[in-house]
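Residue 34 is where the sequence shown starts when you use my numbering, and the numbers rise one by one after that.
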Amino acid sequence: LHEDQSLSRRLLDTRKTHRLESTQYRRALRSVLEELYELVGQPVIDRLRELNIPEQSRVWWCPTSVFCSLPLHPMGPIPSNDKVKKYFSDICISSYTPILSALIKSRDPSIQTSDPPSLLIIAPPERTLPGARKETEVIEQILGSSINSLILEDATSETATEGLRHHRFAHFACPGVLEAGRPFDVSFKFRDDNRLTLLDVVRSRLLRLNLPCSPLATPQS
34 LHEDQSLSRR
44 LLDTRKTHRL
54 ESTQYRRALR
64 SVLEELYELV
74 GQPVIDRLRE
84 LNIPEQSRVW
94 WCPTSVFCSL
104 PLHPMGPIPS
114 NDKVKKYFSD
124 ICISSYTPIL
134 SALIKSRDPS
144 IQTSDPPSLL
154 IIAPPERTLP
164 GARKETEVIE
174 QILGSSINSL
184 ILEDATSETA
194 TEGLRHHRFA
204 HFACPGVLEA
214 GRPFDVSFKF
224 RDDNRLTLLD
234 VVRSRLLRLN
244 LPCSPLATPQ
254 S
């Protein structure tokens, strides 16, 4: 736990004094991801292989304490004989759940419906995330007509909250802001510094939330 706290503190302290695109922050993030893989990623992958779980299987993370502020899915790089850099996300598909009961409830047959699932995609234009638009295009291409999607490019906290009330799933492709010691103030950052907090999301009563990235992987900008 002490090592995990050290990694979290290193990343947060660097972010307080340097921007996302700075060399200092990228260097800190790189070192944290490398050490995090040794502490967490490697033991998990070793165990999955012992259980004969194939690669590209889904792994559900239920982080607590300092793990909530550490990006688990991009851990790495993973050592390999072919010298091709791979990360945890290249081996497993990571998903996050805030509590185990939410994950269990989502699999309850009694709440399943025959209607196509609805997906809310929130991807406001963001210069620090140049791949966000491409990310949403890939999602739409893969899902095709099997899902009803709504893309909010000019999202505000009000329009996002309203959208969450009418969609079973949500995919955020935007920066996140961590607030140390204030978990419900953690937020997604939209245009003109408009933000959607975790408390807003909870109040929207979303059945299941798909977050493609840990907030700390793309903190406040």
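All C-beta atoms, glycine included, are put in the ideal place defined by N, C-alpha and C.
Three-state secondary structure (DSSP) of K120
Here residue 120 refers to the residue found at position 87 when the sequence shown is read from its first residue. Before going on, a small fix: residue 120 reads as Tyr here, not Lys. Coil.
Could you give the distance in angstroms between the alpha-carbon of F100 and the alpha-carbon of F221?
Residue mapping note: residue 100 aligns to position 67 of the sequence shown, counting from 1. Residue mapping note: residue 221 aligns to position 188 of the sequence shown, counting from 1. Answer to the nearest angstrom: the Cα atoms are 18 Å apart.
Using three-state DSSP, classify G177 as helix, strand or coil.
The sequence position of residue 177 within the sequence shown is 144, counting from 1. Annotated three-state conformation of G177 is helix, per DSSP.
Quick one, are the C-beta atoms of P96 and L66 less than 9 Å apart?
The count along the sequence shown starts at 1 and reaches residue 96 at position 63. The count along the sequence shown starts at 1 and reaches residue 66 at position 33. Result no, Cβ atoms of P96 and L66 do not sit closer than 9 Å.
What does the alpha-carbon distance come out to for the pair A156 and A188?
For the purposes of this step, residue 156 is taken as residue 123 along the sequence shown, with counting starting at 1. For the purposes of this step, residue 188 is taken as residue 155 along the sequence shown, with counting starting at 1. Per the coordinates, the alpha-carbon of A156 lies some 8 Å from the alpha-carbon of A188.
Check whether the Cβ of I137 lies closer than 8 Å to any heavy atom of the ligand FAD, and answer yes or no.
The ligand content of the structure shown is nil, which means the ligand FAD is not present either.
Whole-Å CB distance - D233 paired with T194, under 8 Å assumed
Position 200 of the sequence shown holds residue 233. Position 161 of the sequence shown holds residue 194. T194 and D233 do touch by the CB rule: their CB atoms are close to 5 Å apart, below 8 Å.
Endpoints, alpha helix (DSSP H) assigned at Y58:
The residue given as residue 58 occupies position 25 in the sequence shown. For Y58, the enclosing alpha helix (DSSP H) covers residues T56 to L69.
Under 8 Å by Cβ, that's how I've got L13 and S127 pegged, so tell me the actual separation to the nearest angstrom.
As displayed, the chain neither begins before 34 nor continues past 254, which places residue 13 out of reach and without an answer.
Got a sec, what are the start and stop residues for the alpha helix (DSSP H) V77 sits in?
Residue 77 sits at position 44 when you count from the first residue of the sequence shown. Element bounds for V77: Q75 to E83.
Go ahead and label S41 buried or exposed: buried means 16 or more other beta carbons lie within 10 angstroms of its beta carbon, across all protein chains shown.
Along the sequence shown, one-based indexing puts residue 41 at 8. Buried is the call here.
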